[in-house]
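Chains as they are written, first to last, in our numbering: chain A, 1 to 530; chain B, 1001 to 1530.
Backbone N, C-alpha and C define an ideal beta-carbon position, used for all residues, glycine too.
Just so it is clear, the structure is predicted and the values come from calculations on it, not from any experiment.
Protein chains: 2
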Amino acid sequence: MIQIEGKQLIGFTDHAEGAKTLRSTNASTGDKLQYTFSKATRDEVALACEKAGTAFQTYRKKTGIEKAYFLETIAMEIEELGEQLIDICSQETALPKTRIESERNRTKNQLLMFASMLREGSWLDARIETADPLRKPLPKPDMRYLHVGLGPVVVFGASNFPLAFSVAGGDTASALAAGCPVVFKAHSAHPATSELVAKAILSAAKQTQMPDGVFSLLHGDGNVVGMQLVKHSQIKAVGLTGSFAAGKALFDAAAQREHPIPVYAEMGSTNPVFVLPGALRKNPEELAKGFAASVTLGVGQFCTNPGMMLYRKDTSSEIFLQNLKAAFENTSGGAMLTDGIFNAYTTGIARHQAIDQIDVLAQGKRTGENNSAHPMLFKTTSHVLSDHPDLAEEIFGPTSILVEMQTKDEMLSAARNLSGHLTATIHGTEEDLLAHEDLLDILTQKVGRIIINGFPTGVEVCSAMVHGGPFPATTDGRSTSVGTASIFRFTRAVSFQNMPQQMLPAELKDENPLAIWRLINGVRTKEAIK
Amino acid sequence: MIQIEGKQLIGFTDHAEGAKTLRSTNASTGDKLQYTFSKATRDEVALACEKAGTAFQTYRKKTGIEKAYFLETIAMEIEELGEQLIDICSQETALPKTRIESERNRTKNQLLMFASMLREGSWLDARIETADPLRKPLPKPDMRYLHVGLGPVVVFGASNFPLAFSVAGGDTASALAAGCPVVFKAHSAHPATSELVAKAILSAAKQTQMPDGVFSLLHGDGNVVGMQLVKHSQIKAVGLTGSFAAGKALFDAAAQREHPIPVYAEMGSTNPVFVLPGALRKNPEELAKGFAASVTLGVGQFCTNPGMMLYRKDTSSEIFLQNLKAAFENTSGGAMLTDGIFNAYTTGIARHQAIDQIDVLAQGKRTGENNSAHPMLFKTTSHVLSDHPDLAEEIFGPTSILVEMQTKDEMLSAARNLSGHLTATIHGTEEDLLAHEDLLDILTQKVGRIIINGFPTGVEVCSAMVHGGPFPATTDGRSTSVGTASIFRFTRAVSFQNMPQQMLPAELKDENPLAIWRLINGVRTKEAIK
């Protein structure tokens, strides 16, 4: 058993100068747990950033294989935390142990995915243009290009994924893979979980000879510790999964720095689901069950929760609604992650209920825990959506709103009025889909991921995932925070002109010692240059 | 001969509601030319943006081959402008006709480079993860990923490259290649040149059936028309090569929009050149001549002009300085591009001269044109640089400052104190270079391109170029504005989950009809999926 000490873990040393005023909470009961945490002082924040800056000078030179070994060792150390991690995480978040276990697997798999990418080595997009000293009118120089890490990255933990989007989650894994040290601001909803995972990372760092400062964990308030981190000159990028307010505040602060830095904030979305007439007729029961399950999965606490469904009123839509009512009434709520999330959910629900033209179609079952969310399914019409565009804003929790459309044009118009979202889903028969290519075309411009005949919850961690989307879904619609492409949030390309072979990084040497894919004079190849 | 009409070219229609108060100037004489231009009104600016938004809905669906044909036709139409383009451009900029001719070649080659990339098709990074319905605990969905254009892009013309970084320059070519319509704000230093090239683009657009609004040209003030463009809701990204003040103002305006958008401003840099002892001893004459030529090439009006040289004082440095003095005194100035650039040059030179510890090592020859810059080579010591860090800021024009160092440590310290630049250069023998790997390591963190034993002027347009660098060299250190990778400034990735084959873009269909490179389940291949 690891003792929870409640300190800042700044590289390989512990610090606790600040007041021990943070308490860990049992989210299911609302009771305080025995763990107390010190808030990072200004000096401690600065120390973590300075150490990260120093560590970058060593860490950036580690080979892909060395970094892969570090990530693999983190995965192993997380496994070693065993039941203690599952127990504490479940207490702090009210998430069931089975969910925590599967999230632990995902966290480990993310680390291993990046490790595997680093071992293979082609990810850094090596490009070579060989010299042509005889070219007219000017000789062509030898140019070689690859990606390097930006520098120390600040990552903020997400409340809703205490492992997979937290201390050793996707942002940390991709930043470390890119060659960037990480200063991690723990989420106050799971500080003990954070400490356990941070200790696993630091143990792995020591075992694999990574530099002091390659990782630090800090506790404190986002608008104090978080803002200080984002403004520190050593910090070169920021990763966050959180609310619009938090993400936008960090984006603004980063843009106003003397030297602005990129902020990758994934701020959630409503993830609209469009149901086309054929799909609605074909299998109303399955569709209704799938939708009700997606809305209420994990007490609706997913960024990709489908918060809005748009469908066409016709002879079969009544049957579909009956099925949906029955399916939804069969769902259950449960304890939410934090008081703040529960209060925001309650406020959001009340906002819908205050509008006359919004009906309650169905309610899920109440449960007795602390902060237990009551699943709510609302229904309205396209005119009400037009009059209240804020209905398309996310309410984080087990709720969704059905919007009934009279015509295809109304549906297209609603699609055009959407702002940026992470996902959009279309349910349709083959015939439906072919008749709605215009809808697909509009939605492709609004989101990072289009789902056909499925549900948006469940984000596959792989090379082809985009978990991102145009503003306000994220602060940088060109990025993804899930999948292998997420590494490019924390890199930039550098090119070397006429550099002697012996000084080139291995990835760019003529003989291609790592046997990676490279673009040589515009042709993709694994061949060496002779 | 094409008549210069001085209107806004908004898609396929001309507009001239604003006052005709812009005059084209003969830069060599300062005389006004016969061409007058109307400044775009607010309504005209809005119309260009709205037309670009509408055009995007068609243009984004054009195939790679259709877009390639458009770009190739633009190159042909520019060639068709013949001597009229060379004459007018040379008058407006005071650049010699041979330089304009080679810049026209570069402009055409850039268009053809992107056309070739579009015809080949692999650039959009297609990624496919095939489904595994039997995977436990959850089935794996079919995920397919590719890059799409962001939407309409505003591009600002650069004064110093009236063709290659102007109307049909690299920013326009890469945005059009990405599938983004372009609204172009002409630089007031070469409005007639801009009109000619814009007409070539619009003629190509008509010939190749591109939509009305795929390209527009506007005249006016940067802080009026430019700001309105950057704030327009239809605009999704901005490209600029210009001053720090202009780039930073646009960056701030874009970050403060309700929906922030990326700004890629290349704002120039001092491009430090480090000369190591062996190189200085080995061939002082050649090095001196090469440096003097690079500083004064094109009256020093290049973003990559080497504005600072750092070297170690030793027994051979005096010989090198004598060579440099002789070589520099043999250089000539010439007419600068605009009054504003000449005045800024004069002010910058006066700022150096006002500091006691900065000496004039050499002066180039004066010439008699309007706004003729006098080449100036200054010399100082590392202590003065430490006391006046603004000496490392760019003075745009034919000048540079030599900084004499006593020790290697002083040189490393000066390197560490650099902010972001486009390039850094090291001159060294093989022995020198191996003894200065620490210097190379520092510089790699400060710039987009490292040059060994060469000079930074001359930016090869190819797949392996990075013409970018950390702030303040650019507003987005992750990007390049030259080379094929510049297209990714104007794209984002989208993924499709479980999309039926017939609705997928050709690049993502199983059979790989375009025979492009794809990443399938993590493996790079041109194979079809069976």
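Check, Outcome
"When Cβ atoms are compared, which residues of the stretch 1043 to 1069 of chain B fall closer than 7 angstroms to chain A?", "none"
"Enumerate in chain order the residues of its own chain whose CB-to-CB distance from A/Ser-116 is below 6 angstroms, with the five nearest sequence positions on each side excluded.", "none"
"With a floor of 3 residues, list each beta strand (DSSP E) that falls wholly inside the stretch 1197 to 1232 of chain B, ordered by position along the chain.", "1215 to 1218"
"When DSSP builds the beta bridges, which residues end up paired with A/Gly-334?", "A/Ala-373"
"Report yes if the C-beta distance between A/Thr-407 and A/Gly-364 is below 8 angstroms; otherwise report no.", "no"
"Based on DSSP bridge pairs, tell me the residues matched to B/Met-1309.", "B/Val-1273 and B/Leu-1402"
"Given a limit of 8 angstroms on CB to CB distance, which residues of the stretch 1445 to 1463 of chain B reach chain A?", "Gln-1445, Val-1447, Gly-1448, Arg-1449, Ile-1450, Ile-1451, Ile-1452, Asn-1453, Gly-1454, Gly-1458, Glu-1460, Cys-1462 and Ser-1463"
"In this structure, does DSSP put A/Leu-118 in helix, strand or coil?", "helix"
"Measuring only between beta-carbons, confirm whether B/Asn-1109 sits less than 8 angstroms from chain A.", "no"
"My understanding is that B/Asn-1521 touches B/Glu-1129, with C-beta atoms under 8 angstroms, so please give their C-beta distance in whole angstroms.", "6 angstroms"
"Taking only the alpha-carbon atoms, compute the straight-line gap between B/Val-1183 and B/Gly-1053 and give it to the nearest angstrom.", "10 angstroms"
"Could you check which residue in B/His-1232, B/Gly-1268 and B/Pro-1260 has the C-alpha nearest to that of B/Ala-1246?", "B/Gly-1268"
"CA-CA distance, B/Trp-1123 and A/Gly-121?", "19 angstroms"
"So is A/Val-224 buried or exposed if we call it buried at 16+ other beta carbons inside 10 Å?", "exposed"
"Consult DSSP for A/Val-182 and reduce its assignment to one of helix, strand or coil.", "strand"
"So, are the CB atoms of A/Ala-168 and A/Arg-119 less than 8 angstroms apart?", "no"
"Does any residue of chain B bring its CB to less than 8 angstroms from the CB of A/His-219?", "no"
"In whole angstroms, what is the alpha-carbon distance linking A/Ala-372 and A/Ile-341?", "For the record, residue 372 of chain A in the displayed sequence is Ser; it is not Ala. Rounded to the nearest angstrom, the two C-alpha atoms are 11 angstroms apart."
"Could you please give me the residues that DSSP links to B/Thr-1381 through a beta bridge?", "B/Glu-1404"
"Under the DSSP definition of a beta bridge, which residues are partnered with A/Met-143?", "A/Glu-129 and A/Gln-497"
"Is it the case that the stretch 369 to 385 of chain A contacts the stretch 340 to 358 of chain A, given that we only count it when at least three CB pairs across the two stretches are under 8 angstroms?", "yes"
"Check whether the Cβ atoms of A/Pro-137 and B/Ser-1400 sit closer than 8 angstroms, and answer yes or no.", "no"
"DSSP has A/Ala-237 in a bridge; who is on the other side?", "A/Val-153"
"On a Cα-Cα basis, can you pick out the residue from A/Ile-529, A/Asp-438, A/Thr-296 and A/Glu-404 that is closest to A/His-374?", "A/Thr-296"
"Does the beta-carbon distance from A/Val-482 to A/Met-465 come in below 8 angstroms?", "yes"
"Which residue marks the beginning of the beta strand (DSSP E) containing A/Thr-484, and which one marks its end?", "Element bounds for A/Thr-484: n/a, residue is neither H nor E."
"Can you give the beta carbon distance from A/Thr-425 to A/Phe-455, rounded, assuming they're within the 8 angstroms contact cut?", "7 angstroms"
"Mapping the DSSP letters down to three states, classify A/His-427 as helix, strand or coil.", "strand"
"Pull up the CB-CB distance for A/Lys-108 and A/Ile-78, whole angstroms please, since I reckon it's below 8 angstroms.", "6 angstroms"
"Assign A/Ser-166 to buried or exposed, taking buried as 16 or more other Cβ atoms, counted over all protein chains shown, within 10 Å of its Cβ.", "buried"
"I'd like to know whether the C-beta of A/Gln-497 is nearer than 8 angstroms to at least one C-beta of chain B.", "yes"
"Would you check if the distance between the CB atom of B/Ser-1495 and the CB atom of B/Tyr-1035 is smaller than 8 angstroms?", "no"
"Cβ of B/Thr-1041 within 8 angstroms of Cβ of B/Glu-1005?", "no"
"Could you give the C-beta distance for B/Pro-1181 and B/Phe-1056, rounded to a whole number, given that I count them as a contact under 8 angstroms?", "5 angstroms"
"Over the uninterrupted alpha helix (DSSP H) stretch that includes A/Ala-292, give me the two end residues.", "284 to 296"
"Expressed to the nearest angstrom, what Euclidean distance is found between the alpha-carbon atoms of A/Leu-218 and A/Ile-10?", "8 angstroms"
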